[in-house]
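*Asks:*
2 protein chains.
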Amino acid sequence: MYEGAIQDLIDELGRLPGVGPKSAQRIAFHLLSADTADVDRLATSLRRVKELVRFCDTCFNVAESQQCRICRDARRSDEVLCVVEEPKDVVAIERTNEFRGRYHVLGGAINPLEGVGPDHLRVRELMARLAAGVVKELILATDPNTEGEATATYLALMVKPMGLKVTRLASGLPVGGDLEYADEVTLGRAFEGRRAV
Amino acid sequence: MYEGAIQDLIDELGRLPGVGPKSAQRIAFHLLSADTADVDRLATSLRRVKELVRFCDTCFNVAESQQCRICRDARRSDEVLCVVEEPKDVVAIERTNEFRGRYHVLGGAINPLEGVGPDHLRVRELMARLAAGVVKELILATDPNTEGEATATYLALMVKPMGLKVTRLASGLPVGGDLEYADEVTLGRAFEGRRAV
Numbered sequence: 001m002y003e004g005a006i007q008d009l010i011d012e013l014g015r016l017p018g019v020g021p022k023s024a025q026r027i028a029f030h031l032l033s034a035d036t037a038d039v040d041r042l043a044t045s046l047r048r049v050k051e052l053v054r055f056c057d058t059c060f061n062v063a064e065s066q067q068c069r070i071c072r073d074a075r076r077s078d079e080v081l082c083v084v085e086e087p088k089d090v091v092a093i094e095r096t097n098e099f100r101g102r103y104h105v106l107g108g109a110i111n112p113l114e115g116v117g118p119d120h121l122r123v124r125e126l127m128a129r130l131a132a133g134v135v136k137e138l139i140l141a142t143d144p145n146t147e148g149e150a151t152a153t154y155l156a157l158m159v160k161p162m163g164l165k166v167t168r169l170a171s172g173l174p175v176g177g178d179l180e181y182a183d184e185v186t187l188g189r190a191f192e193g194r195r196a197v
Numbered sequence: 001m002y003e004g005a006i007q008d009l010i011d012e013l014g015r016l017p018g019v020g021p022k023s024a025q026r027i028a029f030h031l032l033s034a035d036t037a038d039v040d041r042l043a044t045s046l047r048r049v050k051e052l053v054r055f056c057d058t059c060f061n062v063a064e065s066q067q068c069r070i071c072r073d074a075r076r077s078d079e080v081l082c083v084v085e086e087p088k089d090v091v092a093i094e095r096t097n098e099f100r101g102r103y104h105v106l107g108g109a110i111n112p113l114e115g116v117g118p119d120h121l122r123v124r125e126l127m128a129r130l131a132a133g134v135v136k137e138l139i140l141a142t143d144p145n146t147e148g149e150a151t152a153t154y155l156a157l158m159v160k161p162m163g164l165k166v167t168r169l170a171s172g173l174p175v176g177g178d179l180e181y182a183d184e185v186t187l188g189r190a191f192e193g194r195r196a197v
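One line per chain: the protein sequences are A and B, in this order. For the first sequence, UniProt numbering puts the final residue at 197, and the numbers step up evenly by one. For the second sequence, UniProt numbering puts the final residue at 197, and the numbers step up evenly by one.
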């Protein structure tokens with residue numbers, strides 16, 4: 001449609017997740033009229049991510065050295081380990097300021113339909129960490145959907161022989177939400193998990 | 001939230017039009033696990049756009065040399081000139097295969113609320129092209145919205161003394177659309193512009 005370089009950029013942008021052909025065109029024309037310095041900064045940050053960012057050797061969170069910021073933090077407890085699917089889940093939990101233990105990032109959830117089994121996740125690495133015997137509580141903070149629940153159930157079975165405390169995040173009504181708009185499953189879980197006041 | 005380079009990339013992506021914080025994060029993690037070659041291609045195409053793409057000296061469409069592909073094409077008629085707001089409008093019209101004349105890209109539309117007046121558009125350059133006396137018909141193909149209509153009305157007044165044929169694209173029902181869902185203005189225009197069959 002367009003000549004050379006602008007069409008190449010539209011094509012490349014269109015390959016990104018969630019960017020359709022119209023958005024790709026809009027972004028390309030935005031960049032065409034943006035400052036060269038801004039576009040250079042974006043191009044540089046793309047290359048730097050591939051050069052600098054790696055996964056933490058311990059927990060598989062994103063890191064820029066062998067260990068991530070959280071694994072390096074000596075003030076955190078080694079006795080509570082929180083298992084999540086992705087690095088963005090670590091960020092979400094950190095934002096709550098409720099958790100002072102360590103993490104283990106699986107790199108996804110069990111999903112037979114997409115051919116993702118336990119071997120594709122960092123389950124072996126989790127078992128190795130638990131085998132050291134320091135962890136007292138394992139929090140299974142995978143997503144509260146089919147794949148996340150399946151992964152949590154699988155992990156709970158796997159670690160059962162180790163005899164440590166295994167917990168799952170509470171399901172219930174989102175704070176600030178409206179009871180009448182809650183789906184049946186969530187509302188059912190909220191009843192199940194009701195607490196004395 | 002994240003360490004160094006990945007957060008920088010999320011920030012840079014979040015500055016693009018239509019990319020919110022969640023999409024920026026999603027794209028950044030996609031790129032983190034993408035092939036280095038793919039990310040390099042995106043970074044290169046960003047830099048190449050700023051290096052290579054310029055505006056055509058004649059019509060102000062995007063080009064990679066002094067003249068764009070359309071202005072260089074000797075088989076097109078110089079007698080019909082189609083005025084559009086943006087390069088993407090040229091692409092949309094080219095896709096119809098209905099038009100074999102030349103274009104003039106204004107670079108926007110008159111919009112007093114955003115401080116865009118005729119001086120911010122390539123109106124002077126349009127007048128210079130028309131003054132050569134070759135153009136017989138001027139098609140005002142600005143958008144059928146308030147700004148586009150205002151721009152078309154302004155240009156029609158400006159070129160009136162030149163005595164050339166000035167036309168505007170037909171307004172009416174979109175082909176394949178549903179009459180009952182058409183808004184009143186569009187339906188009114190469709191009545192106004194009705195044709196004998």
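Glycine included, C-beta positions come from ideal geometry on N, C-alpha and C.
Taking ARG95 of chain B as part of the alpha helix (DSSP H), name the residues at either end of that continuous run.
*Replies:* 87-96
*Asks:* Which ranges does the alpha helix (DSSP H) cover as unbroken runs of at least 4 residues, wholly within the segment 40-91 of chain A, from first to last along the chain?
*Replies:* 69-72
*Asks:* Just how far apart, CA to CA, sit MET127 of chain B and ASP78 of chain B?
*Replies:* 15 angstroms
*Asks:* Using the Cα positions of THR167 of chain B and GLU184 of chain B, report the straight-line distance between them to the nearest angstrom.
*Replies:* As the crow flies, the alpha-carbon of THR167 of chain B is around 23 angstroms from that of GLU184 of chain B.
*Asks:* Under 7 angstroms, do ILE6 of chain B and VAL49 of chain A count as touching if we go by C-beta distance?
*Replies:* yes
*Asks:* Assign THR142 of chain A to one of three DSSP states: helix, strand, or coil.
*Replies:* coil
*Asks:* Considering only C-alpha positions, which residue in the set A:LEU173, A:SER23 and A:LEU140 is nearest to GLU164 of chain A?
*Replies:* First, the residue type needs correcting, since residue 164 of chain A is Leu and not Glu in the sequence shown. Per the Cα distances, A:LEU140.
*Asks:* Classify ALA109 of chain A: buried if its beta carbon has 16 or more other beta carbons within 10 angstroms, exposed otherwise.
*Replies:* buried
*Asks:* Please name the residues in the segment 32-43 of chain A whose beta-carbon is closer than 8 angstroms to at least one beta-carbon of chain B, in chain order.
*Replies:* LEU32, THR36, ASP38, VAL39, ASP40, ARG41, LEU42 and ALA43
*Asks:* Reducing DSSP to helix, strand and coil, say where VAL116 of chain B ends up.
*Replies:* strand
*Asks:* So, is the C-beta of GLY14 of chain B closer than 7 angstroms to a C-beta in chain A?
*Replies:* no
*Asks:* Output the distance between the C-alpha atoms of ASP178 of chain A and ARG26 of chain B, rounded to the nearest integer angstrom.
*Replies:* 28 angstroms
*Asks:* What does LYS88 of chain B reach in chain A if we use C-beta pairs closer than 8 angstroms?
*Replies:* GLN25 and PHE29
*Asks:* If contact is defined by three or more beta carbon pairs under 8 angstroms, each pair taking one atom from either stretch, is the segment 48-63 of chain B in contact with the segment 31-39 of chain A?
*Replies:* yes
*Asks:* Considering only the alpha carbon of each residue, which of B:LEU173, B:LEU81, B:PHE55 and B:GLU3 lies closest to PRO87 of chain B?
*Replies:* Answer by Cα proximity: B:PHE55.
*Asks:* Could you tell me which chain A residues have their CB closer than 7 angstroms to the CB of ILE110 of chain B, listed as they occur along the chain?
*Replies:* Neighbours of ILE110 of chain B on chain A: none; closest Cβ ~18 angstroms, over 7 angstroms.
*Asks:* Classify VAL84 of chain B: buried if its beta carbon has 16 or more other beta carbons within 10 angstroms, exposed otherwise.
*Replies:* Its Cβ being crowded by 16 or more others within 10 Å, VAL84 of chain B is buried.
*Asks:* Considering Cα atoms alone, identify which of A:ARG102, A:ALA152 and A:ASN111 is closest to VAL134 of chain A.
*Replies:* A:ARG102
*Asks:* Do you know how far the Cα of ASP119 of chain B is from the Cα of CYS59 of chain B?
*Replies:* 16 angstroms
*Asks:* Just to confirm before moving on: does the CB-CB distance between SER45 of chain B and ASP8 of chain A stay below 7 angstroms?
*Replies:* yes
*Asks:* Is there a Cβ from chain A that is less than 7 angstroms from the Cβ of VAL166 of chain B?
*Replies:* By the rule that beta-carbons nearer than 7 angstroms mark a contact, VAL166 of chain B does not touch chain A.
*Asks:* Tell me which residue opens and which closes the alpha helix (DSSP H) that LYS22 of chain A is part of.
*Replies:* Unbroken alpha helix (DSSP H) run through LYS22 of chain A: 21-33.
*Asks:* Using CA atoms only, rank isn't needed, just tell me which of B:SER171, B:TYR181, B:ALA182 and B:GLU180 is closest to ARG194 of chain B.
*Replies:* For the residues B:SER171, B:TYR181, B:ALA182 and B:GLU180, the minimum Cα distance to ARG194 of chain B belongs to B:SER171.
*Asks:* Helix, strand or coil for LYS165 of chain B, going by three-state DSSP, please let me know.
*Replies:* strand
*Asks:* Let me check you understand the geometry: is the CB of GLU3 of chain B closer than 6 angstroms to at least one non-hydrogen atom of the ligand ATP?
*Replies:* In the structure shown, the ligand ATP is absent, as is every other ligand, since no ligand is present at all.
*Asks:* Going by beta carbon distance, what residues of the same chain come within less than 6 angstroms of GLY14 of chain B, once the five residues before and after it are set aside?
*Replies:* Here the set comprises PRO21 and ALA24.
*Asks:* Cutting at 6 angstroms between CB atoms, please list the residues of its own chain near ILE93 of chain A, excluding the five before and the five after it.
*Replies:* PHE99
*Asks:* What distance in whole Å lies between the Cβ atoms of ASN61 of chain A and VAL105 of chain A, which are believed to be in contact at a cut-off of 8 angstroms?
*Replies:* 5 angstroms
*Asks:* Terminal residues of the continuous alpha helix (DSSP H) containing VAL105 of chain B?
*Replies:* Run containing VAL105 of chain B: none in the alpha helix (DSSP H); it sits in the beta strand (DSSP E), 102-105.
*Asks:* Within 10 angstroms of the Cβ of PHE191 of chain A, are there 16 or more other Cβ atoms? Answer buried if so, exposed if not.
*Replies:* exposed
*Asks:* Enumerate in chain order the residues of its own chain whose CB-to-CB distance from LEU121 of chain A is below 6 angstroms, with the five nearest sequence positions on each side excluded.
*Replies:* Residues LEU106, GLY107 and GLY108 of the same chain have their beta carbon placed closer than 6 angstroms to that of LEU121 of chain A, with the five preceding and five following residues left out of the count.
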